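So the structure is just underneath, and the comments pick up after that.
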Amino acid sequence: MTNAFHGIQEFYNYTGFANATLGHILMILIGIIFIYLGIKFDYEPLLLIPIGAGVIIGNIPFVAGNQTGIYETGSVLNYLYFGVVKGVYPPLIFLGIGAMTDFSSLIANPKLMLLGAAAQIGVFATFLGALYLGFALPEAGAIGIIGGADGPTAIFLSSKLANGINILPDGTTVKNLIGPIAIAAYSYMALVPVIQPPIMRLLISKEDRKIRMKPPRAVTQKEKMIFPVVALLLTTFISPSALPLLGMLFFGNLLKESGRTERLADTARTKLIDIVTILLGVTVGASTQADIFITKDSMMIFGLGAISFVIATMGGLLFAKLMNLFLKGDNRINPLIGASGVSAVPDSARVVHAEGLKADPNNYLLMHAMAPNVSGVIGSAIAAGILLSFLA
């Protein structure tokens, strides 16, 4: 009986019940909330459901040393997490995005690219805020990219700057902030339909929300084929450090528009991006182990992320109003489309379209909003490359 009781006690010591802490329970609840938001409200379910499941997986209590946790060398999760730590997954995501993106609206109205650039003010405002809160320069740079509302770019940059490996000039090691930065970026991407509409209604009058833009001109197939090559050369010469992201983005778009590689384009925008999204979501979620994730730094990152998203949205909206001071007649733009300058593709464009319809049921802004939306993706990648060049 004594041996049996001892055996039961040993078994209990290895269970999650014996090793659970309040932090584990809290993170598991957060994972359940992510899944609930994805299913109930359709908030980026392709992201929130894998991330939520990953949060739960990463916070099941276990006994250290058995190659179970995502941070334990040799564990299965640790091998899958390699794609996050080394920045492998984000370029593959960009390949799929390029293969599914139509740049026609941007080609037809290039001046709307300025709105995507204006929204990047959120990146540099967050960077300065992180410095003020005491983060080191590389850490602040990685945190700043949350302002672009671009999850893959945030993961890519944090894997290079805030990876827990690089050594600072004073001899200390940078903090590993990949998990908090990725969760913050994807959380605010999913909450675009909640965060942006109140800001739009606050800054843009109902009269301006009713502005109808003239239909974009027809773009030829030749222009569509030339664009990814020209854009690749131009953007990567400006920001060579962003080559893994921008190179894959425009390569994917070339596969789509060339007319000769439809099989490859279809694989990139369906099977490949789906597989990478699953691996990325689950491993990023699993990286939120309570003992590593629940820190003062994580809370500050989430706060900075919320502020940066608001600033980015405001920057796009106000710059659109500024542009209208120099545009006349039917060349004026609806200022709402400035909000789509953040990189949450295509959700922010859809939100702009929905707000436009509320002001005027016959005003269709989706195609116009896609121009600053896709330029925001390009802009955030360029911003990441610039930060990486200066801070790596």
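Numbering (UniProt numbering), first residue to last: 1 to 392.
The C-beta atom is built at its ideal place from N, Cα and C for all residues, glycine as well.
It should be emphasised that the depicted structure is a prediction, and the values quoted were computed from it without experimental measurement.
Looking at residue i: is its Cβ nearer than 8 Å to the Cβ of residue j?
i	j	result
Ser159	Gly87	yes
Leu92	Leu272	yes
Ala108	Pro216	yes
residue 416	Leu246	Lying before the first or after the last residue shown, residue 416 is absent from the chain, which here runs from 1 to 392.
Leu114	Met323	yes
Thr173	Gly179	no
Ala320	Ile333	yes
Ala99	Leu255	yes
Leu106	Ile204	no
Gly379	Ala125	no
Leu133	Met300	yes
Ala154	Ala130	no
Gly23	Asp291	yes
Quick check on residue i: buried or exposed, where buried means 16 or more other Cβ atoms within 10 Å of its Cβ?
i	result
Met200	buried
His353	buried
Gln67	exposed
Ala218	exposed
Thr288	buried
Tyr43	buried
Gln9	exposed
Leu365	buried
Lys206	exposed
Gly303	exposed
Ile25	exposed
Lys222	exposed
Glu139	buried
Glu257	buried
Lys40	exposed
Phe237	exposed
His6	exposed
Ile167	exposed
Determine the extent of the alpha helix (DSSP H) in which residue i is found, giving its start and end residues.
i	result
Tyr79	Val76 to Val85
Tyr36	Leu22 to Lys40
Val351	Asp347 to Ala359
Glu207	Lys206 to Arg209
Phe62	Looking at the DSSP string, Phe62 is not in any alpha helix (DSSP H), and its letter there is neither H nor E.
Gln221	Gln221 to Ile238
Gln289	Neither: Gln289 is in no alpha helix (DSSP H) and is coded neither H nor E.
Pro372	Leu366 to Leu391
Tyr186	Ile178 to Ala190
Met248	Leu243 to Glu257
Gly52	Pro45 to Gly58
Asn334	Element bounds for Asn334: n/a, residue is neither H nor E.
Glu72	Taken as a continuous stretch (DSSP letters only), Glu72 belongs to no alpha helix (DSSP H), as it is neither H nor E.
Gly171	Segment: none, Gly171 is in no alpha helix (DSSP H) and carries neither H nor E.
Strictly under 8 Å for the Cβ-Cβ distance: is residue i near chain C by that measure?
i	result
Phe227	Here there is only one protein chain, and chain C is not present.
- Message: Pairs of beta-carbons, one from the region 45-54 and one from the region 27-36, closer than 8 Å: are there three or more?
- Response: yes
- Does the region 140-158 come close enough to the region 187-197 to have 3 or more Cβ pairs within less than 8 Å? yes
- Curious, which full-length alpha helix (DSSP H) runs of at least 4 residues does the region 259-324 contain? Whole alpha helix (DSSP H) segments, 4+ residues: 262-267, 273-286, 290-293 and 296-324.
- Query: Along the chain, which unbroken stretches of the alpha helix (DSSP H) at least 4 residues long are found entirely within the region 102-160?
  - Reply: 104-108, 113-118, 121-132 and 137-144
- Is the number of C-beta pairs between the region 328-348 and the region 368-382 that are closer than 8 Å three or more? yes
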